[in-house]
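Taking it in order: structure first as structure tokens, then the write-up.
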Amino acid sequence: MPTVLFIFGWRLFFYSNEGSEPIHIHAEKGDMECKFWLLPEEVEIKEVFSFNLTPTAKKEIKKIIYQHFDILVDAWHKYFKK
């Protein structure tokens, strides 16, 4: 479970065995958890899963993902060699 970024209490990571899935990032903070597809062609994200995510937390994590979008996509490509 490589951690790509730790910011404002959020840990952004991906699982080592998920390289066959589209580019995505998992995030967790406390008992909140979520997963977003990263769509590099459109510089867009799409929520795939969330658990215990408040509206404020969802807004916060989406902002973090957008602000670090290129870093997250690059980390995926480097880790999975794609």
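Using the working numbering, read the sequence shown as starting at 1 and increasing by one per residue. Here a beta-carbon is modelled for each residue, glycine too, at the ideal position from N, C-alpha and C.
Tell me the rounded alpha-carbon separation between residue i and residue j.
{"i": "Gly9", "j": "Lys29", "result": "6 Å"}
{"i": "Ala57", "j": "Phe49", "result": "14 Å"}
{"i": "Leu39", "j": "His68", "result": "13 Å"}
{"i": "Tyr66", "j": "Tyr15", "result": "20 Å"}
{"i": "Met1", "j": "Lys81", "result": "16 Å"}
{"i": "Glu41", "j": "Val73", "result": "11 Å"}
Looking only at its chain, what residues have a beta carbon closer than 7 Å to the beta carbon of residue i, apart from the 5 residues adjacent to it on each side?
{"i": "Asp31", "result": "Asn52"}
With residue i and residue j assumed to form a contact (beta carbons below 8 Å), what rounded beta-carbon distance in angstroms separates them?
{"i": "Ile89", "j": "Ile64", "result": "Outside the modelled stretch of the chain, which goes from 1 to 82, sits residue 89, for which no answer is possible."}
Mind checking whether residue i and residue j have CB atoms under 8 Å apart?
{"i": "Ile71", "j": "Leu5", "result": "yes"}
Excluding sequence positions up to five away, which residues of its chain have a Cβ less than 6 Å from the Cβ of residue i?
{"i": "Pro22", "result": "Trp37"}
Give the list of continuous beta strand (DSSP E) stretches no shorter than 3 residues that lie fully inside the region 8-75. 10-13, 24-29, 32-39 and 44-51
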